[in-house]
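Worksheet: the structure to be examined is printed underneath.
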Amino acid sequence: MSLSIEAETKVDTEPCVVAWSNKLFVGGENGAILSFDDNLKPGPSWEAHGVQLFALAASNGKVYSTSNDGGVRVWSSDGEKITEFPASEADIGSVTVCDKHVYAGDELGNICVYQDNVLKAKYNVLEEVKDIAINPPFMFTARDLYVTVTEVKPEQSKERFITQHVMEGRSPLRVFGSYLVVTGRGGNSIQLHEASLDTKFKKLHEVKVSDMILTSLSVSDNVAWTGGWDGYIRRWKISEDKLQPAGEMNLGTCINALIAPTGSGAYAVLTGGRIVKIKAT
Numbered sequence: 001m002s003l004s005i006e007a008e009t010k011v012d013t014e015p016c017v018v019a020w021s022n023k024l025f026v027g028g029e030n031g032a033i034l035s036f037d038d039n040l041k042p043g044p045s046w047e048a049h050g051v052q053l054f055a056l057a058a059s060n061g062k063v064y065s066t067s068n069d070g071g072v073r074v075w076s077s078d079g080e081k082i083t084e085f086p087a088s089e090a091d092i093g094s095v096t097v098c099d100k101h102v103y104a105g106d107e108l109g110n111i112c113v114y115q116d117n118v119l120k121a122k123y124n125v126l127e128e129v130k131d132i133a134i135n136p137p138f139m140f141t142a143r144d145l146y147v148t149v150t151e152v153k154p155e156q157s158k159e160r161f162i163t164q165h166v167m168e169g170r171s172p173l174r175v176f177g178s179y180l181v182v183t184g185r186g187g188n189s190i191q192l193h194e195a196s197l198d199t200k201f202k203k204l205h206e207v208k209v210s211d212m213i214l215t216s217l218s219v220s221d222n223v224a225w226t227g228g229w230d231g232y233i234r235r236w237k238i239s240e241d242k243l244q245p246a247g248e249m250n251l252g253t254c255i256n257a258l259i260a261p262t263g264s265g266a267y268a269v270l271t272g273g274r275i276v277k278i279k280a281t
């Protein structure tokens, strides 16, 4: 399987974070959100925050962004501001959407859960939340050393939760189907786990993905995409409980973030302002 650049563009800001919901959203160092169609044709862009974006998520026509102001701002996909969730106690570094709930995690370990733009529940996992993945009723959170598996039921309790498991690992992490993919503690490998309490989230496989630090991970259609400091975007097929190499490409500079809408295609934002669309053939 080979990888190739299908489309490319350049922006005037350092692209930091990325999200996908029928089109590509890129958060910049200058606080702006830029949008593109699937072939990287520019769409609406807008000033979302005064400084660099920390986190970005998109779902069902809405875009969620955070910066150093502590709150979560909600936008339409064309940049119209819908609302702003109240500021957290600390900077929010991770936002994700699962079904009707929005989860926002901050550097003090607080995780706020919103539904219909209203605070539904709030939990604290006792350490900074650099990434969140949801597979109801389980919430997976990570910083630099451990992944914590927490059972939460926002519909039943606003504060109560059960810590079900802790394992070695760090951000970024992703859940796909019956699998959990976690970055290894050293920052240059990914681990494949069963996303099941019955097996205590058993580790199935681990593979080294780089000689340098991994910055980005995205999983779609049983394929994991990775990118990091070394400038290589790599593709890994999840098959028979293993991560199998399925293509790589050197993009020549640090990959700040990537997202894969499908198993055969991904977008990467690079140091220096490049944005590329990658296709696997």
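Numbering-wise (full-length UniProt numbering), the sequence shown opens with residue 1 and increments by one. Here a beta-carbon is modelled for each residue, glycine too, at the ideal position from N, C-alpha and C.
Report the partner residues of residue i according to the DSSP bridge assignment.
i, result
"CYS112", "ALA104, LYS122"
"PRO15", "GLY28"
"GLN191", "VAL182, GLU206"
"GLY265", "THR262, LYS279"
"GLN244", "LYS237"
"GLY227", "SER216"
"THR253", "Per DSSP, none; premise fails for THR253."
"PHE138", "ASN135, GLU151"
"PRO42", "PHE36"
"SER59", "LYS62"
"GLU8", "VAL276"
"LEU270", "ILE255"
"MET1", "MET1 is not bridged to any residue."
"LYS81", "TRP75"
"GLU127", "None, per the DSSP bridge assignment."
Under 7 Å Cβ to Cβ from residue i, same chain only, skipping five residues before and after it: list those, please.
i, result
"PRO245", "TRP236"
"GLU107", "ALA90, ASP91, GLY93, GLU128"
"PHE161", "TYR123, THR150, GLU151, VAL152"
"ASN256", "PRO15, CYS16, THR215, VAL269, LEU270, THR271"
"ASP230", "SER210, ASP211, MET212"
"ALA57", "ALA19, TYR64, VAL95, THR96, VAL97"
"LYS130", "GLY93, SER94, ALA142, ARG143, SER171"
"GLY109", "ASN124, VAL125, LEU126, GLU127, GLU128, VAL129"
"THR262", "SER220, ASP221"
Within the same chain, show all residues whose beta-carbon is closer than 8 Å to that of residue i, passing over the 5 residues directly before and after it, in chain order.
i, result
"THR183", "ALA142, GLY169, ARG170, SER171, PRO172, LEU173, SER189, ILE190, GLN191, LEU214, LEU217"
"ASN100", "With the sequence shown as reference, residue 100 is identified as Lys, and Asn is not the correct amino acid for it. Contacts found: GLN115, ASP116."
"LYS23", "SER35, PHE36, ASP37, ASP38, GLY43, SER77"
"residue 313", "Residue 313 is absent from the structure shown; the chain starts at 1 and stops at 281."
"MET167", "TYR146, VAL147, VAL149, VAL182, HIS193, PHE201, LYS203"
"HIS205", "GLN191, LEU192, ASP241, LYS242, LEU243"
"GLN164", "PHE138, VAL149, THR150, GLU151, LEU197"
Can you name, in chain order, every residue of its own chain whose Cβ lies under 6 Å from the Cβ of residue i, other than the five neighbours on each side?
i, result
"LYS203", "GLN191, HIS193"
"MET1", "ALA246, GLY247, ALA280"
"VAL113", "HIS101, TYR103, LYS120, ALA121, PRO154"
"LYS158", "ALA121"
Can we count residue i as close to the ligand FAD, meaning its CB is less than 8 Å from some heavy atom?
i, result
"THR96", "With respect to small molecules bound, the structure shown includes none, and the ligand FAD cannot be examined in it."
Give the single residue among the options whose Cα lies nearest to the Cα of residue i.
i, options, result
"HIS49", "ASN39, PRO42, THR66", "THR66"
"SER35", "ASN68, LYS81, SER77, LEU251", "SER77"
"VAL175", "THR271, MET167, ALA224", "ALA224"
"TYR232", "ILE82, SER239, PHE138, VAL209", "VAL209"
"LYS153", "CYS98, SER45, ILE5, TYR179", "CYS98"
"GLY71", "GLY61, ALA104, TRP20", "ALA104"
"VAL181", "LYS81, GLY27, ILE134, ARG274", "ILE134"
"VAL26", "ILE5, VAL125, LYS200, TYR64", "TYR64"
"GLY187", "SER178, LEU3, VAL207", "VAL207"
"ASP69", "VAL51, ILE82, LYS62, ASN60", "VAL51"
"CYS254", "PRO137, GLY28, GLY273, ALA195", "GLY273"
"LEU53", "THR13, ILE132, THR9, ILE278", "THR13"
For residue i, count neighbouring Cβ atoms within 10 angstroms of its own Cβ and tell me buried if that reaches 16, exposed if not.
i, result
"ILE259", "buried"
"THR281", "exposed"
"GLY227", "buried"
"SER239", "exposed"
"LEU3", "buried"
"LEU251", "buried"
"VAL11", "buried"
"SER88", "buried"
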